[in-house]
Amino acid sequence: MADQDDAATLRGRAKNLREAARQARSLAPRLGGYLDDVSRQACNGINDFVVRNSEWSSAIWHGPYAQQCAQALVTHQATLESMATALMADASRWDAEATDLETRAKDADKKTASAGGSH
């Protein structure tokens, strides 16, 4: 442990990590589901063609460009869900690091108390 890593500094770093983890856990579900509705709506019936009056059955748009854009949305949706999962994993790692910092702060307190008590 470096000299500048006193107990107060370690506790401050732990507090910051726990706050970042809390914010990450709050943000991740919204991030992961951000494109769910849009993607579902864009893909709804996009490949369904009904030859009734030459109209599409349930698609809100159709054609090659619509299919290309819908696929891009699905890809972006999967990327966001992956990012949300990674963010949750980061939050867990930050909590573990905060716990380690708090343990180190307690050890630093003990060393300070024993050094102060021996004089």
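Take numbering that gives the first Met the number 0: the last position of the sequence shown gets the number 118, and nothing is skipped along the way.
Where a beta carbon is used, it is the ideal one built from N, C-alpha and C, also for glycine.
Give the straight-line distance between the Cα atoms of Thr-84 and His-75, rounded to the nearest whole angstrom.
-> 14 Å
Of the choices Ala-90, Ala-107, Lys-105, Lys-110, whose alpha-carbon is the least far from that of Arg-17?
-> Ala-90
Near the ligand COA: Ala-19 beta-carbon under 7 Å from a heavy atom | In the structure shown, the ligand COA is absent, as is every other ligand, since no ligand is present at all.
Can you tell me which of Arg-103, Gln-70, Arg-39, Ala-71 puts its alpha carbon nearest to the alpha carbon of Leu-9?
-> Arg-103
If you compare alpha carbons, which of Gln-22, Ala-13, Ala-69, Ala-20 is closest to Gln-182?
-> Residue 182 is absent from the model: the chain starts at 0 and stops at 118.
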